[in-house]
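Undergrad: Before anything else, here's the structure in question.
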Amino acid sequence: MDQQLRVFISVVEKQSFSRAAEELHMTQPAVSQYIRTFEGNLGMKLLDRTNKYVRLNKAGEIVYHHAKEIVGLYARMENLLMDLTNKVSGVLSIGSSYTFGEYVLPHVIANMKKSYPEVHPSVTIENTEKIAELVKGHQIDIGIIEGNIKEDSQLEKEDFLEDRMVIVASFNNSLTQNKGTIDLGELERQTWILREEGSGTREAGEKIFQRLGIRPTNLMVFSSTQSIKEAVIAGLGVSLLSEIAVQKELLHNNMKIIEVEGLPYTRNFSIITASPYQTKALQELIRMLKEYGLKRG
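With the first letter of the sequence shown counted as 1, position 81 gets the number 81 in full-length UniProt numbering; the numbers rise by one all the way through.
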């Protein structure tokens, strides 16, 4: 059954029997047989398929959601059993929101690999809302998020690092030329380049608007911090970003912080987990994240 689940998941995510076969190092007929057997065991079709596409039907959506959770739990069980050897090893699935995941997490993982080469991390970068959903569904071992999430008894949340949020613009923006007090009306009229709903950075932006008493109407939405930085540098508008994310750009004078009374705005990066059973690898990652937070604090 475990292999049937893995084949089914691969076909769904690759949207193709042939691409799934390639990923799993199997023949396409073997993949097709696994799916037929799986559907036969469940007594219903899970996939709508033609020569052009493979798609989940309603039954398939239910099975896919639970299959991901089952495979995640099975992998965690294997890792916990491996821990009985007292070695820090095994697969470690990490989810992170964009700011921490793109600018800090790679360095933490590099340090971990130096100390524990037998740990094999896999990383998923998504917005805060999605990472919380994956942790709750046991599809990843740990989430590192920015901002708040809805209270949930299934999730353990612990703050470990304070983050400063600043308003940034290109050097050609009129606000960066102003050496006096910033006119909030002019700030409100700017094009604001923001992340999508569900992002911790977007949540911080909305709170800043409330704090400053402004309601910008000219908004542009990008799905990654890197694309927002490029848009700001290109002169498309202003944004609210983590100081962690813009250190290089500030150093090389590609953008400038707009000093506004009441800023910078601070928020926390947090660790979230869902399982009371933690592998040694996960425990060590959490220790290293907290250590990083203490050094930055």
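Note that beta-carbon positions come from the ideal geometry of N, C-alpha and C, so glycine has one too. Source: prediction; values computed, not measured.
Would you list the residues sitting across from Gly95 in a DSSP beta bridge?
TA: One-based indexing of the sequence shown puts residue 95 at position 95. Note: Gly95 sits in a beta bridge opposite Thr124, Gly143.
Undergrad: To which residues of the same chain is Glu158 closer than 7 Å at the C-beta, ignoring the five residues directly before and after it?
TA: Taking the first residue of the sequence shown as 1, we reach residue 158 at position 158. Excluding residues within five positions, the ones whose Cβ falls inside 7 Å are Ser270, Ile271.
Undergrad: If we ignore side chains and look at the alpha-carbon of each, how far apart do Gly262 and Arg211 end up?
TA: Within the sequence shown, residue 262 is the residue found at index 262, counting from 1. Within the sequence shown, residue 211 is the residue found at index 211, counting from 1. Near 8 Å, if we compare the C-alpha coordinates of Arg211 and Gly262.
Undergrad: Just reading off the beta strand (DSSP E) that Glu162 is part of, what are its end residues?
TA: Position 162 of the sequence shown, counted from the first residue, corresponds to residue 162. Segment 156-169, the beta strand (DSSP E) holding Glu162.
Undergrad: Out of Ile70, Asn111, Arg6, Leu161, which one is the CA nearest neighbour of Thr266?
TA: Within the sequence shown, the letter at position 266 stands for residue 266. For the residues Ile70, Asn111, Arg6, Leu161, the minimum Cα distance to Thr266 belongs to Leu161.
Undergrad: So, with DSSP's three-state summary, where would you put Thr176?
TA: For the purposes of this step, residue 176 is taken as the residue at position 176 of the sequence shown. Thr176 falls in the helix class under three-state DSSP.
Undergrad: Do the CB positions of Val88 and Lys280 come within less than 8 Å of each other?
TA: Locating residue 88 in the sequence shown gives position 88, where the first residue counts as 1. Locating residue 280 in the sequence shown gives position 280, where the first residue counts as 1. Going by C-beta atoms, Val88 is nearer than 8 Å to Lys280.
Undergrad: Rounded to whole angstroms, what's the CA-CA distance from Val260 to Val54? Just pull it up for me.
TA: Along the sequence shown, one-based indexing puts residue 260 at 260. Along the sequence shown, one-based indexing puts residue 54 at 54. Their backbone Cα atoms lie some 52 Å apart in a straight line.
Undergrad: Could you name the residues of the same chain whose beta carbon sits closer than 6 Å to that of Thr201, not counting the 5 residues immediately before and after it, in chain order?
TA: As a working mapping, residue 201 is identified with position 201 in the sequence shown. Hits under 6 Å: Arg195.
Undergrad: Under three-state DSSP, which class holds Val54?
TA: Position 54 of the sequence shown, counting from 1, holds the residue named residue 54. Looking at Val54 - three-state DSSP - the assignment turns out to be strand.
Undergrad: Going straight from the alpha carbon of Arg189 to that of Phe222, what length do you get?
TA: As a position in the sequence shown, residue 189 is number 189, starting the count at 1. As a position in the sequence shown, residue 222 is number 222, starting the count at 1. About 19 Å.
Undergrad: Helix, strand or coil for Met44 per DSSP?
TA: If you number the sequence shown from 1, residue 44 lands on position 44. If DSSP states are grouped into helix, strand and coil, Met44 belongs with coil.
Undergrad: What would DSSP say about Ser10, mapped onto helix, strand or coil?
TA: Counting from 1 along the sequence shown, the entry for residue 10 is found at position 10. It is helical.
Undergrad: Given 8 Å as the limit, is there contact between the stretch 124-132 and the stretch 148-157, that is, 3 or more CB pairs closer than that?
TA: Yes, since at least three Cβ pairs between the stretch 124-132 and the stretch 148-157 fall closer than 8 Å, the two stretches touch.
Undergrad: Taking only the alpha-carbon atoms, compute the straight-line gap between Met40 and Gln283 and give it to the nearest angstrom.
TA: Indexing the sequence shown from 1 puts residue 40 at position 40. Indexing the sequence shown from 1 puts residue 283 at position 283. The question names Met, but residue 40 in the sequence shown is Gly. Answer to the nearest angstrom: the Cα atoms are 41 Å apart.
Undergrad: If you draw a straight line from the C-alpha of Thr225 to the C-alpha of Thr176, how long is it?
TA: The residue you call residue 225 lines up with position 225 of the sequence shown. The residue you call residue 176 lines up with position 176 of the sequence shown. One C-alpha to the other measures close to 21 Å.
Undergrad: Could you give the C-beta distance for Tyr277 and Leu80, rounded to a whole number, given that I count them as a contact under 8 Å?
TA: For the purposes of this step, residue 277 is taken as residue 277 along the sequence shown, with counting starting at 1. For the purposes of this step, residue 80 is taken as residue 80 along the sequence shown, with counting starting at 1. Right, the Cβ-Cβ distance comes to about 6 Å (below 8 Å), so this counts as a contact.
Undergrad: Do Leu5 and Val71 count as a contact pair if the criterion is CB distance below 8 Å?
TA: Position 71 of the sequence shown, counted from the first residue, corresponds to residue 71. Position 5 of the sequence shown, counted from the first residue, corresponds to residue 5. Taking 8 Å as the Cβ cut-off, Val71 and Leu5 qualify as a contacting pair.
Undergrad: Taking DSSP as the reference, what is the three-state secondary structure of Lys87?
TA: What you label residue 87 is simply residue 87 of the sequence shown in a count that begins at 1. Lys87 falls in the coil class under three-state DSSP.
Undergrad: Using the C-alpha atoms, what's the distance from Asn253 back to Leu187?
TA: In the sequence shown, residue 187 corresponds to position 187, counting from 1. In the sequence shown, residue 253 corresponds to position 253, counting from 1. Distance between the alpha carbons of Leu187 and Asn253 is about 21 Å.
Undergrad: Helix, strand or coil: which one does DSSP assign to Asn268?
TA: Position 268 of the sequence shown holds residue 268. Looking at Asn268 - three-state DSSP - the assignment turns out to be strand.
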